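Scroll down for the structure; my scribbles are underneath it.
Protein chains: 2
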Amino acid sequence: MKPKLKLVDGSIIAPRGFRASGVFCDIKRLGTGKGSQKGRKRDLALIVSERPATVAGMFTTNQVCAAPVKVCAARMKRGQAQVVVVNSGNANACTGRQGMADALTMVRFTEQALNLPAGLALVGSTGRIGVTMPMDHVRAGIIEAATLLGDRPEHGLQAAEAIMTSDTKPKQIAVEFKLGGRTVRIGGICKGAGMIQPGMSATGARPAALPHAGLHSTMLCFITTDAAIAAPALQAALREAVAHSFNRITVDGDMSTNDTVLVLANGLAKNVECGVRSADFKKFQAALNHVCLELAKLIVRDGEGVHRVVTVRVNGAKNLQEADAAARAVANSALVKTSWHGGDPNWGRIIDAIGYSPATVVEEKVDIGYRSANRRKTLWSLRRGQPTRATFKELCLAVAPKEFELHINLNLGQASAVMYAADLTEAYVDYNKGDVTDPTTLGG
Amino acid sequence: MKPKLKLVDGSIIAPRGFRASGVFCDIKRLGTGKGSQKGRKRDLALIVSERPATVAGMFTTNQVCAAPVKVCAARMKRGQAQVVVVNSGNANACTGRQGMADALTMVRFTEQALNLPAGLALVGSTGRIGVTMPMDHVRAGIIEAATLLGDRPEHGLQAAEAIMTSDTKPKQIAVEFKLGGRTVRIGGICKGAGMIQPGMSATGARPAALPHAGLHSTMLCFITTDAAIAAPALQAALREAVAHSFNRITVDGDMSTNDTVLVLANGLAKNVECGVRSADFKKFQAALNHVCLELAKLIVRDGEGVHRVVTVRVNGAKNLQEADAAARAVANSALVKTSWHGGDPNWGRIIDAIGYSPATVVEEKVDIGYRSANRRKTLWSLRRGQPTRATFKELCLAVAPKEFELHINLNLGQASAVMYAADLTEAYVDYNKGDVTDPTTLGG
Chain A
25 MKPKLKLVDG SIIAPRGFRA SGVFCDIKRL GTGKGSQKGR KRDLALIVSE RPATVAGMFT
85 TNQVCAAPVK VCAARMKRGQ AQVVVVNSGN ANACTGRQGM ADALTMVRFT EQALNLPAGL
145 ALVGSTGRIG VTMPMDHVRA GIIEAATLLG DRPEHGLQAA EAIMTSDTKP KQIAVEFKLG
205 GRTVRIGGIC KGAGMIQPGM SATGARPAAL PHAGLHSTML CFITTDAAIA APALQAALRE
265 AVAHSFNRIT VDGDMSTNDT VLVLANGLAK NVECGVRSAD FKKFQAALNH VCLELAKLIV
325 RDGEGVHRVV TVRVNGAKNL QEADAAARAV ANSALVKTSW HGGDPNWGRI IDAIGYSPAT
385 VVEEKVDIGY RSANRRKTLW SLRRGQPTRA TFKELCLAVA PKEFELHINL NLGQASAVMY
445 AADLTEAYVD YNKGDVTDPT TLGG
Chain B
25 MKPKLKLVDG SIIAPRGFRA SGVFCDIKRL GTGKGSQKGR KRDLALIVSE RPATVAGMFT
85 TNQVCAAPVK VCAARMKRGQ AQVVVVNSGN ANACTGRQGM ADALTMVRFT EQALNLPAGL
145 ALVGSTGRIG VTMPMDHVRA GIIEAATLLG DRPEHGLQAA EAIMTSDTKP KQIAVEFKLG
205 GRTVRIGGIC KGAGMIQPGM SATGARPAAL PHAGLHSTML CFITTDAAIA APALQAALRE
265 AVAHSFNRIT VDGDMSTNDT VLVLANGLAK NVECGVRSAD FKKFQAALNH VCLELAKLIV
325 RDGEGVHRVV TVRVNGAKNL QEADAAARAV ANSALVKTSW HGGDPNWGRI IDAIGYSPAT
385 VVEEKVDIGY RSANRRKTLW SLRRGQPTRA TFKELCLAVA PKEFELHINL NLGQASAVMY
445 AADLTEAYVD YNKGDVTDPT TLGG
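One line per chain: the protein sequences are A and B, in this order.
Using our numbering, count along the first sequence one by one with no gaps and you end on 468.
Using our numbering, count along the second sequence one by one with no gaps and you end on 468.
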């Protein structure tokens, strides 16, 4: 059912009828006391559809969630939106009543600047927690961004740059495929870096099955499409796509107060509107899955200080929750992550981590192995709890690539889970300890 | 009810009738290929009582547990032991049937070397996981250690050194107090460093209430006392003491396959035997609590790469499990731990961590503050979810000491929990990534 996807340029402006901009309004530089323009970074983005779009969203399940998340979650009921305003440099989290007032000012001011009816703007923020928004800068930024909107690839890129915090590069993708005989596009931008282990739900409320272990610098993702799709179908597709992408990544195990994924679908491709039961829905789902997974992997690869990316696959668990728990225990173990950094095929730390996870584990049944991209076969280091004949040198080679897969089979049942995880490096520690004498070095 | 405790020399040999030794048998140096004697480290210890002692134990709840843990847990039923043999350099974990055979050989060979009846020896191991024990070295070590037993402080110290792995210093304590008119002593040695977040139970089985989040280089603790105490009372006292000490520490959140605490009580103080309901029991409990907590804190202070130690106190939680969950989320958050390392009073990361923990949290009710040892008052950074007037500089000063307390009040109920936690440093990462070209640098 997976449609043939063609990569195209332009990320969020690739679908028909979307414009974007990303501007400098000095939210990131506040408090530095540095007058020079050098090192100035874009920090406010607008994403606008030429007509009201169907909208779906997924939000952090952190009980301490930021004002922009609350505003978006409340506005999801309407099922429509036309513009998203996003700033970096300040998370507007733990900012109390003033924070809520500021988030509401951001959406209302954006609606006014674009002459839109009230209620059609959404908002995202990322940056340090607990600092009140510099609203003068934000207002000036929105006005400028509104005048600079455009639909060329550089406009999408500027928006992608404007939502970055500790990211070292902008993250974007756009794909084109056929849906009911029409050409449809989906584009997206995202940011991540640290405080990354999202556990998002549609309402921000925490379903029992969601991971509680947690994410920190926030991940934000904004997706546009010109597909015509009903709101319930769009929400269902996004929930499914996020479950297999953003909710399966971890950089440092900390879940942010601000994690947000939004999709706007403006219908300008003029395909027959997809409902959940239509044949086209599965195609749309497959394309959205691809966009979300590629963006999610870009977040892990560009995580703070990340040198290696490891896909942790757990098979043979008793049930899905146990498979998930085992994969997360491995993906978030400080000792496993430092061994990945060192290129040490230390399966002892891996079996230790699954052993203390909530998953049922029987030592004598566990298989642990490695597979790199250029190999067809898994190199097993442990089979049924017994070390194999693979030599230390062979295992070292298997974990030497910048990306590899870790295969764990508990051999107790049929359930599987995957996590896209990062190593833990000195660079991560150095970045996040910051320097209190220079507040510009302090992360979220 | 807390008795007056006097610190005395000699750790495990301070109580009457105990002897100890710690010898070199090159378990730690195997595989290095280095012929020189330089850097040789003690790696096998014996602790012997002159008569059979009442015994109690607490063991890792990791489902993947090492052979020595299984041997000890099985031998607890007897309620008596006379000798403990401990090696460092090899954990004898994930070593299958050979590992069990080796652990049993260790206890039997020790009993024979000391001319003891069968069944009175216990065993502990710590070091790399998944490598078969070098039994020739172990046997030679046991024979030598048996000839070098002694009851002077240096014998206790040598045993404390012989159980070290990545520890930078031996850890020991001994106290003296009055029990039923008699002078009683309790002494202990322990080791830790990394893979440290014990969750121990009396059987090694996992009670529902125990933390699943986890520990890795293993913590081992061996306690001796000349008190006369019934086996059930000793086990009850140890369970309580461990619950408030070793089970409340974390260095890196990884729970080891080998965590073990053993107490031997030989009764030579000739006090009236303590039962659980005796008045003396509370005194013994208080003294044992003190010994365990002091040893547990030594483990955190000497954790791998640790620069700062933080006591995380959560108050006002809905119930004990939630208090524990909130304290562990903060104590194990990579972002909170790196901010401690940097001396950054980043309460945003703290409220983020409690927000994603399983504990119920209402942002508008949360208090977060700091107290250092030389202050009477808590300096609050957040009250009822609102930043206080404390300046960034004042907060930086509060988190600058090598040890401080973090106070969190959820203001939702009456339950409290404490965790003794460590910062996350470049040195931790550097140590644990090791160097695969030099296997001697690879940790557990």
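Quick reminder that beta carbons are idealized off the backbone N, C-alpha and C, glycines included.
Owing to the predicted nature of the structure, the values given are computational and were not obtained by experimental measurement.
{"Query": "Alpha-carbon to alpha-carbon, A397 (chain A) and G409 (chain A)", "Result": "25 Å"}
{"Query": "Against chain A: residues of the region 375-398 of chain B by CB proximity under 9 Å", "Result": "I375, D376, A377, I378, G379, Y380, S381, P382, A383, T384, V385, V386, E387, E388, V390"}
{"Query": "Helix, strand or coil at M188 (chain A) [DSSP, three-state]", "Result": "coil"}
{"Query": "Close beta carbons around I392 (chain B), own chain, < 6 Å, minus the five adjacent residues each side", "Result": "W371, I374, S405, L406, I432"}
{"Query": "Start-to-end residues for the beta strand (DSSP E) that takes in F42 (chain A)", "Result": "42-47"}
{"Query": "Where K28 (chain A) falls: helix, strand or coil (DSSP)", "Result": "coil"}
{"Query": "Where C420 (chain A) meets chain B, residues with beta-carbon distance less than 7 Å", "Result": "V460"}
{"Query": "Residues that I197 (chain A) contacts on chain B, provided the C-beta gap is smaller than 9 Å", "Result": "By Cβ distance, chain B contributes nothing, its closest Cβ being about 28 Å from I197 (chain A), past 9 Å."}
{"Query": "Chain B within 8 Å of E450 (chain A), Cβ atoms only", "Result": "yes"}
{"Query": "Backbone secondary structure at L138 (chain B) - three-state DSSP", "Result": "coil"}
{"Query": "Within chain B, partners of N86 (chain A) - CB distance below 8 Å", "Result": "D376, G379, Y380"}
{"Query": "Residue of B:G123, B:R43, B:Q106, B:V107 minimising C-alpha distance to N114 (chain B)", "Result": "B:G123"}
{"Query": "Residue(s) in a DSSP beta bridge with C298 (chain A)", "Result": "A:I253"}
{"Query": "Identified DSSP bridge partners for R206 (chain B)", "Result": "B:L203"}
{"Query": "Integer-rounded CB distance, given that A351 (chain B) should sit under 8 Å from V442 (chain B)", "Result": "7 Å"}
{"Query": "Proximity test, Cβ basis, 8 Å: T274 (chain A) and chain B", "Result": "no"}
{"Query": "Identity of the residue in A:S73, A:R43, A:I37, A:T84 nearest G379 (chain B) by Cα", "Result": "A:T84"}
{"Query": "Selection of the region 211-228 of chain B by Cβ proximity to chain A, strictly under 9 Å", "Result": "G218, M219, Q221, G223"}
{"Query": "C-alpha distance - L317 (chain A) paired with M224 (chain A), whole-angstrom precision", "Result": "15 Å"}
{"Query": "Beta-carbon proximity check, K30 (chain A) vs F201 (chain A), cutoff 8 Å", "Result": "yes"}
{"Query": "8 Å Cβ cutoff met for T248 (chain A) and G211 (chain A)", "Result": "yes"}
{"Query": "Buried or exposed (CB count within 10 angstroms, at least 16 for buried), V296 (chain A)", "Result": "exposed"}
{"Query": "Where R176 (chain A) falls, given that 16 or more other Cβ within 10 Å makes a residue buried", "Result": "exposed"}
{"Query": "CB contact below 8 Å: P76 (chain A) versus chain B", "Result": "no"}
{"Query": "Cβ of W371 (chain A) within 8 Å of any chain B Cβ", "Result": "yes"}
{"Query": "Simplified DSSP state of T335 (chain A), which is helix, strand or coil", "Result": "strand"}
{"Query": "Whole-number beta carbon distance between V110 (chain A) and G148 (chain A), since they are thought to touch under 8 Å", "Result": "4 Å"}
{"Query": "DSSP beta-bridge partners of R272 (chain A)", "Result": "Answer is none; R272 (chain A) lacks a bridge partner."}
{"Query": "Local Cβ density within 10 Å of G299 (chain B), reported as buried at 16 or more and exposed below that", "Result": "exposed"}
{"Query": "Simplified DSSP assignment, three categories, for N116 (chain B)", "Result": "coil"}
{"Query": "Close beta carbons around G154 (chain A), own chain, < 6 Å, minus the five adjacent residues each side", "Result": "C118"}
{"Query": "Contact set between the region 135-163 of chain A and chain B, restricted to residues whose Cβ is under 8 Å from the partner", "Result": "R152, I153, G154"}
{"Query": "G57 (chain B) versus L258 (chain B): straight-line alpha-carbon distance, rounded", "Result": "Note on G57 (chain B): pLDDT 42, under 50, position unreliable in the model; the coordinate value appears next. Roughly 45 Å between the two C-alpha positions."}
{"Query": "Assigned exposure category for R332 (chain B) - 16 Cβ within 10 Å defines buried", "Result": "buried"}
{"Query": "Amino acids of chain A, ordered along the chain, whose beta-carbon sits closer than 8 Å to that of Q410 (chain B)", "Result": "G120"}
{"Query": "Reduced DSSP category for M157 (chain B) - H, G, I as helix; E, B as strand; rest coil", "Result": "coil"}
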